[in-house]
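For the sequence shown, counting from 1, position 392 maps to 392 in the UniProt record's numbering; every step adds exactly one. Every residue gets a Cβ at the ideal spot worked out from N, C-alpha and C, and that includes glycine. Here the structure is a predicted model, which means the values were calculated and not measured. To start, the structure itself, in structure tokens.
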Amino acid sequence: MRFSFRSTIALFCSLFMVGAVFASPSQSAENIIDVNQGWVVPDNTTGLGSQNGYFGERSSEDRDYSALLDQAKIGPKAQEDPTCSSLYDPKCSAAQNFIYYAQIPVCNSAIETNCIEAVSAIDTSGKVYPGSFMRYFPDTAQNKFEGSPSANLPSGGGASLFNIPGAEGAAGSTYFVSFIMSGNISKGGSAKLTSVHSRIVPVQLQPKQYSFPWCLSENKLCNTGWNKLNNEGSGYIWNESGSSGIGCADGSVGESLCAQKQAYPKDFRFALKVRLSITPAGWMHGRMTNPEISIEKSGTNTLLTVTANPIGVPTVYKHFMWADMPTKLQNNYDPSSGKYFDRSTGLVINGGEGWSNTISRSTDYSVRAWTTAPSPYSSSAMDELNLWLPYVDNTATVVPQFWSFRSLTQRELQGANKCFTDLTALNGIVTTNATAYSPGPPVYDKDAGDLNYQVAAPHYLPNGADAFKGTYDLVMRSEVARCIYGFSNAPIKASISIVSNDGTPQIATTVVNEKNGWLYLTANNFQFSSPTLKVSLKQDKVIATPAPTPTPSATPSAAATPSPQVIAKKLSITCIKGKTVRKVTGTNPKCPAGFRSK
Numbered sequence: 001m002r003f004s005f006r007s008t009i010a011l012f013c014s015l016f017m018v019g020a021v022f023a024s025p026s027q028s029a030e031n032i033i034d035v036n037q038g039w040v041v042p043d044n045t046t047g048l049g050s051q052n053g054y055f056g057e058r059s060s061e062d063r064d065y066s067a068l069l070d071q072a073k074i075g076p077k078a079q080e081d082p083t084c085s086s087l088y089d090p091k092c093s094a095a096q097n098f099i100y101y102a103q104i105p106v107c108n109s110a111i112e113t114n115c116i117e118a119v120s121a122i123d124t125s126g127k128v129y130p131g132s133f134m135r136y137f138p139d140t141a142q143n144k145f146e147g148s149p150s151a152n153l154p155s156g157g158g159a160s161l162f163n164i165p166g167a168e169g170a171a172g173s174t175y176f177v178s179f180i181m182s183g184n185i186s187k188g189g190s191a192k193l194t195s196v197h198s199r200i201v202p203v204q205l206q207p208k209q210y211s212f213p214w215c216l217s218e219n220k221l222c223n224t225g226w227n228k229l230n231n232e233g234s235g236y237i238w239n240e241s242g243s244s245g246i247g248c249a250d251g252s253v254g255e256s257l258c259a260q261k262q263a264y265p266k267d268f269r270f271a272l273k274v275r276l277s278i279t280p281a282g283w284m285h286g287r288m289t290n291p292e293i294s295i296e297k298s299g300t301n302t303l304l305t306v307t308a309n310p311i312g313v314p315t316v317y318k319h320f321m322w323a324d325m326p327t328k329l330q331n332n333y334d335p336s337s338g339k340y341f342d343r344s345t346g347l348v349i350n351g352g353e354g355w356s357n358t359i360s361r362s363t364d365y366s367v368r369a370w371t372t373a374p375s376p377y378s379s380s381a382m383d384e385l386n387l388w389l390p391y392v393d394n395t396a397t398v399v400p401q402f403w404s405f406r407s408l409t410q411r412e413l414q415g416a417n418k419c420f421t422d423l424t425a426l427n428g429i430v431t432t433n434a435t436a437y438s439p440g441p442p443v444y445d446k447d448a449g450d451l452n453y454q455v456a457a458p459h460y461l462p463n464g465a466d467a468f469k470g471t472y473d474l475v476m477r478s479e480v481a482r483c484i485y486g487f488s489n490a491p492i493k494a495s496i497s498i499v500s501n502d503g504t505p506q507i508a509t510t511v512v513n514e515k516n517g518w519l520y521l522t523a524n525n526f527q528f529s530s531p532t533l534k535v536s537l538k539q540d541k542v543i544a545t546p547a548p549t550p551t552p553s554a555t556p557s558a559a560a561t562p563s564p565q566v567i568a569k570k571l572s573i574t575c576i577k578g579k580t581v582r583k584v585t586g587t588n589p590k591c592p593a594g595f596r597s598k
């Protein structure tokens, strides 16, 4: 994740202000704050001199907004407004290359494309509860833009709110639904799709007063997106900002509303169907379990349906004052910035992912505040998490639930098996409820013949007594498995094993099947902290049945001479029985019963 001006200030507002507004004991009975879904970083842990650790999901991992941007105007000190209302916006007439993030709308007709066609919930009996569109959220998308069907460019607006009667949770049946297409397009060219990400979240709209003194946008809305921002008292810059964070799925500043996350109703699956002009390709990761993928062609469009259960993912949070931080832990962080770094090289790792809790960027730890917060899929996430787990008694802080999936980035796909990186089709999805996980698709161990995937999470649930149980789903096109192993079209056999970080094998519930061109593998009920999941694929050798060889007709030979017949020679023996003597003659003479040869 790129941490820019938005990361240090917008995350500060979104992660902490929500707690200030909604965590009060005087909370009205109508507004529900779920202990897991509504958890936010405690205000009393963010003071000057603090050094905190946060490990978990957050909506800012993805750009949950729409924007069409002139690529030439994007930069850390951008002085010009880079946003465009369309490819033909006069202020973007000089633009040669664009980047787009399109929060696609709901389909209004059968011929519309790049839109959400259906959202539904499914109970354990298989009954489907269709959702109905309510409205867009926020009411005014900060950087709304018009797409171009001829250029395959989707339109971008706000997220959608759906009502799903029959799938009510504690706070009702309203769901925040987001599907974002991201990519680039050159002037006069056709749009390229580089990634998608999506989520379905049960929410309750709750009042929230926003105060963004660093936002200089003329309309003062400062909804999630690109805004004109105060550059720490030295002019302004254009950069990302917004109100989404841990507690709110998103915010609508002009309405003073927060889409407060709520708990999912128990035992429901959720399905999202989208109609796209460009088929997503590559590999995906999901925060869900038991996923099913359907890809259909409808004329020139692709119908993508993803169905799955939501899943709980542990969040780990720990507060220290830098001066009181255990030396063993402190030694892994740069004293001048608080960022995670490699002491052997002195270099910050992964850009030192995290956020500042103050506008001050002082190198004096007593007047700065830093929270290390690696992306769950970053190369350092598991290492950092394992450093902090002993200081939280290997116990989760909370376990919020998610239903989301996203494309893997090109960075995550670097070094992956070539069969995984085919960008002409959707190759598969891997899902897990681990706090941190291996970047990219599973790693193929050619020597062992295994697909390995490493995960990490606290061992215990928040109560400190019950073990947190892991889930892992690997769904991939059968052709991908055959590509990796060089298999034929015969059925594939698979097995999953889990090995703890000390090398001890674990017993887990596993399910393997192949249907409709997809290979489904599931492992459940394994334990943490840092196990490795190993998938072994095999295939019986195909024994070819030889075709019967026709017997050629006999061809007479003119030179053939009949062989002379051999006549067997006769022999005679003498047989006796008492005083009786009998002579027996033949080619193989034998004495009669009761007689013996003399």
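* Asked: Mind pulling the alpha helix (DSSP H) runs of 4 or more residues that sit fully within the region 372-425?
  -> 381-388, 410-413
* Asked: Whose CA, out of SER375, TYR129, THR194, lies closest to the CA of THR409?
  -> THR194
* **Run of the beta strand (DSSP E) containing VAL177, from where it starts to where it stops** => 174-186
* To do: Would you please state the rounded distance, in angstroms, between the beta carbons of VAL399 and VAL313? I believe it to be under 8 Å.
  => 7 Å
* To do: In angstroms with no decimal places, state the Cα-to-Cα distance between GLY49 and LYS318.
  => 14 Å
* 8 Å contact criterion, which ALA102 and PRO154 should meet: CB distance rounded -> 4 Å
* Asked: Near SER366, what residues of its chain come up, given a Cβ to Cβ distance below 6 Å and the 5 sequence neighbours on each side ignored?
  -> GLY49
* **SER380 beta carbon near the ligand GTP (any heavy atom closer than 8 Å)** => Annotation note on the ligand GTP: not contained in the displayed structure, which lists no ligands.
* Reference LEU389; option with closest CA among PRO462, LYS446, TYR377 -> PRO462
* Asked: For PRO149, does the three-state DSSP call read helix, strand or coil?
  -> helix
* To do: State the DSSP-derived secondary structure class of GLU255, mapped to helix, strand or coil.
  => helix
* Asked: Would you report the Cα separation of THR431 and LYS187, rounded to the nearest angstrom?
  -> 37 Å
* Per DSSP, GLU296 forms a beta bridge with which residues? -> LEU303
* To do: Write down every uninterrupted run of the alpha helix (DSSP H) in the region 469-521 whose length is 4 residues or greater and which is fully enclosed by it, in chain order.
  => 478-485
* Mark LEU276 as exposed unless 16 or more other C-beta atoms lie within 10 angstroms of its C-beta, in which case mark it buried. => buried
* To do: May I ask you to list the residues that DSSP assigns as paired with GLU240?
  => TRP226
* Boundaries of the alpha helix (DSSP H) in which LEU329 is found, first to last residue -> 327-330
* Based on the DSSP secondary-structure assignment, which residues constitute the bridge partners of PHE137? -> ALA159
* Classify ARG287 as buried or exposed, calling it buried when 16 or more other Cβ atoms lie within 10 Å of its own Cβ. => buried
* Asked: Where GLN565 and GLN539 are concerned, what is the direct C-alpha to C-alpha distance, given to the nearest angstrom?
  -> Below a pLDDT of 50, predicted positions are generally treated as unreliable, and GLN565, at 44, falls in that range; no measurement from the model is reported.
* To do: Would you mind stating whether LEU257 and PRO207 have Cβ atoms separated by less than 9 Å?
  => yes
* Asked: Going along the chain, which residues of its own chain have a beta-carbon closer than 6 Å to the beta-carbon of TYR264, five neighbours each way excluded?
  -> PRO202, PRO310, GLN401
* Where does ILE349 sit, in a helix, a strand or coil, going by DSSP? -> helix
* SER380 to THR424 span [Cα, whole Å] -> 30 Å
* Asked: Is it buried or exposed for LYS590, if we count other Cβ within 10 angstroms and need 16 for buried?
  -> exposed
* Out of PRO335, SER500, GLN209, CYS483, state which residue places its alpha-carbon closest to the alpha-carbon of ILE492. => CYS483
* Which of helix, strand or coil DSSP assigns to VAL274 -> strand
* Asked: Which residue or residues does DSSP assign as beta-bridge partners of THR315?
  -> VAL398
* Asked: Expressed to the nearest angstrom, what Euclidean distance is found between the alpha-carbon atoms of LYS266 and ILE122?
  -> 11 Å
* To do: Could you tell me how far apart the beta carbons of TYR460 and ASN524 are, in whole angstroms, since I believe they sit closer than 8 Å?
  => In fact, because the Cβ distance is near 18 Å, the residues do not count as touching under 8 Å.
* Asked: How about ILE496 and SER438: are their beta carbons less than 9 Å apart?
  -> no
* To do: Taking all protein chains shown into account, decide if GLU117 is buried (16 or more other Cβ within 10 angstroms of its Cβ) or exposed.
  => buried
* If you draw a straight line from the alpha carbon of LEU68 to that of SER85, how long is it in whole angstroms? -> 7 Å
* **Those residues which DSSP pairs with GLN206 across a bridge** => CYS258
* Asked: Any idea what DSSP makes of THR45, helix, strand or coil?
  -> helix
* **Length of the line joining the Cα atoms of PRO441 and LYS297** => 26 Å
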